[in-house]
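Report on the following structure.
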Amino acid sequence: MSDVLAVESGQPSAYDLDLEMSLLLPSSAPPAWGAAVHEAARLLVDQRWDQGSRASVDLCTLSLLLFARTYAGDRVPGDVPAAELVEAFHGPADHEPQIIGEIDRALTETGQGRDRESGRNTPLWSIFNTARDQYKGRMGASLLADDIEPPAPGPSPMRGAAGRLAAFFAGYPDQAREQKVAPVVAPGPLIIESDRIQIATAHSIRPVRRCPHDDRVSGVRVDGPEAILVCDQGHVSAHWELDASRVRMAVARATGVRPSAQGTHRFPELVVASTDLLRHSDPRKVNVFLRERDFPLVGRDDVLQQVGRLIDERG
Ligand SMILES: [Zn+2]
1 MSDVLAVESG
11 QPSAYDLDLE
21 MSLLLPSSAP
31 PAWGAAVHEA
41 ARLLVDQRWD
51 QGSRASVDLC
61 TLSLLLFART
71 YAGDRVPGDV
81 PAAELVEAFH
91 GPADHEPQII
101 GEIDRALTET
111 GQGRDRESGR
121 NTPLWSIFNT
131 ARDQYKGRMG
141 ASLLADDIEP
151 PAPGPSPMRG
161 AAGRLAAFFA
171 GYPDQAREQK
181 VAPVVAPGPL
191 IIESDRIQIA
201 TAHSIRPVRR
211 CPHDDRVSGV
221 RVDGPEAILV
231 CDQGHVSAHW
241 ELDASRVRMA
251 VARATGVRPS
261 AQGTHRFPEL
271 VVASTDLLRH
281 SDPRKVNVFL
291 RERDFPLVGR
301 DDVLQQVGRL
311 IDERG
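With this note's numbering, the residue at position 7 of the sequence shown is 7, and numbering never jumps.
Structure, rendered in structure tokens:
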């Protein structure tokens, strides 16, 4: 079965893996990174991709290591044997993985580290930082306020991933690898043009109307792990309730395309699940207003009519 068929046949795992891969493939990444992500996906294709974040951290960690071991071009990710992966990921469970230093160097040497000129992280650096973060994003407040004690570091997501990957590859036959097929995902931005982008939680739907400069928001651009709002004047801005995976899922639901779709799509209205909701939540099923619109239970009109009738009868 071809990779495309695997996705389009409705095999849920391939569909979810397709989404995970797209989040790791910003258009600015070098070709060696794309090859590393595809080989990592092939090796892990039989994992469960519908169960939250563990498999996605494993995919990210394996992609980073394969990139660090092959970016120089002397071999391709498919040449890295399982035994080498076991050795790389093996380490004491109470220490951060030993691979962090070599990944750091590989990203820096390929221009994918922190961009000194703009002071911004490249998308690959953001992906790496999220995986190795020992503070679960808790560091921000303590850096801003003197009276908040910095939190103690905990295990990074990458530490758990390294342990799981070491165990996984310990019993992995290299010959099995050739038969595995993962989706093929081309890196490229997904651009949504819409005058009415709405963010839905379980209990609210709110339009995103204005950029931080108070111009009209005209769309969203998703590229790799990032989702940014774009306004009429070309400003770009992040929104704390908007993330790449949920925007991709909204477009996939609205059009039937794969979650990794690229190109420009226009919608009169696009309802995106808030980051408060699970990644795969469909606002039409979990939002109280949209759910009632599609699946009317006892509508408010009915209640008002009944009350009106009761008043009439008594009058
Ligand atoms: Zn603006």
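Backbone N, C-alpha and C define an ideal beta-carbon position, used for all residues, glycine too. Note that the structure is a prediction, hence the values are computed from the model and not measured.
Among all the DSSP beta bridges, which residues are the ones paired with residue i?
| i | result |
| --- | --- |
| C231 | V217 |
| P207 | Q198 |
| T264 | I191 |
| L270 | I197 |
Once the 5 residues before and after residue i are set aside, which same chain residues still bring their CB inside 6 Å of it?
| i | result |
| --- | --- |
| D232 | D215, R216 and S218 |
| D276 | T201 |
| G101 | none |
| P26 | P123, D223 and G224 |
Less than 7 Å between the CB of residue i and some heavy atom of ligand 1, yes or no?
| i | result |
| --- | --- |
| Q233 | yes |
| D215 | yes |
| C211 | yes |
When DSSP labels each residue in this structure, what does residue i get in the three-state scheme?
| i | result |
| --- | --- |
| L107 | helix |
| V37 | helix |
| E193 | strand |
| G160 | helix |
| D94 | coil |
| L17 | helix |
| S237 | strand |
| N121 | strand |
| V4 | Unreliable placement is indicated for V4, whose pLDDT of 43 sits below 50; no coordinate value is reported for it. |
| V222 | strand |
| R284 | helix |
| R114 | strand |
| G101 | helix |
| D79 | helix |
| P153 | coil |
| L44 | coil |
| S22 | helix |
| S126 | helix |
| R291 | helix |
| L85 | helix |
| A72 | coil |
Using a Cβ-Cβ cutoff of less than 7 Å, which residues in the same chain neighbour residue i once the five nearest sequence positions on both sides are dropped?
| i | result |
| --- | --- |
| D18 | V7, P183, V185, R258, P259 and S260 |
| R159 | E96 and P97 |
| G315 | Below a pLDDT of 50, predicted positions are generally treated as unreliable, and G315, at 46, falls in that range; the measurement from the model is reported next regardless. Excluding residues within five positions, none has a Cβ falling inside 7 Å. |
| G239 | Residue identity differs from the one stated: residue 239 is His in this sequence, not Gly. Result list for H239: V208 and L229, in chain order. |
| R316 | Residue 316 lies beyond the stretch modelled for the chain, which goes from 1 to 315, so this question has no answer here. |
| D174 | P81 and A82 |
| V288 | A202 and H203 |
| S118 | none |
| V86 | A166, F169 and A170 |
Compute the Euclidean distance between the alpha carbons of residue i and residue j, then round it to the nearest angstrom.
| i | j | result |
| --- | --- | --- |
| L107 | H213 | 34 Å |
| A93 | G163 | 7 Å |
| H90 | V208 | 46 Å |
| D16 | R42 | 14 Å |
| A82 | C211 | 48 Å |
| L23 | E149 | 34 Å |
| V236 | T122 | 16 Å |
| T126 | A244 | One detail in the question is off: residue 126 reads as Ser in this sequence, not Thr. Looking at the two C-alpha atoms, the distance is approximately 13 Å. |
| S194 | K136 | 33 Å |
| R291 | G78 | 46 Å |
Leaving out five residues on either side along the sequence, give the residues of the same chain with a beta carbon under 8 Å from the beta carbon of residue i.
| i | result |
| --- | --- |
| Q134 | E96, P153, G154, P155 and S156 |
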